[in-house]
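Asks: The structure under discussion is supplied below as structure tokens; questions concerning it will follow.
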Amino acid sequence: MYVSEGKSYQGKITWTHIVTFAFATAISYVLGVISSLIFPVLGAPGVSALYVAAAIYVPLGVWMGMWGALAGYVSCFSWGFIPLDIQ
């Protein structure tokens, strides 16, 4: 809730929030997967030597606020559930 010109407004969650959140999460997830496949650390499956997805977490947080920060967190969290056998 914020106040502007003496009136208080309550932010509502719209479809735009949900769609942009899902899109940002998908982009972050795909970048994380690609990073781990292209720059793997030998002996540590799923670990990347150059994690390209980290470069978009701050812009997501700045541009989308809480939704961007949550998208970065959810993409990292969901990446931990996917078994990846890189040899």
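As numbered in the numbering used here, residues 83 to 169 make up the sequence shown, in order. Glycine is no exception: its CB is placed at the ideal position from the N, C-alpha and C atoms. Please read these numbers as outputs of a predicted model, since none were measured by experiment.
1) Counting pairs of beta carbons, one from the stretch 95-105 and one from the stretch 116-129, are three or more of them closer than 8 Å?
2) Quick one: residues in its chain with C-beta nearer than 6 Å to the C-beta of G173, no 5 flanking neighbours on either side, listed in chain order?
3) Is it buried or exposed for A137, if we count other Cβ within 10 angstroms and need 16 for buried?
4) I need the straight-line Cα distance from S118 to W97, nearest angstrom please.
5) Please report how far the alpha carbon of I100 lies from the alpha carbon of A131, in whole angstroms.
Replies: If we stick to the structure as given:
1) no
2) This structure cannot settle anything about residue 173, because the visible part of the chain is limited to 83 through 169.
3) exposed
4) So the two alpha carbons sit approximately 31 Å from each other.
5) The straight-line gap from Cα to Cα measures roughly 31 Å.
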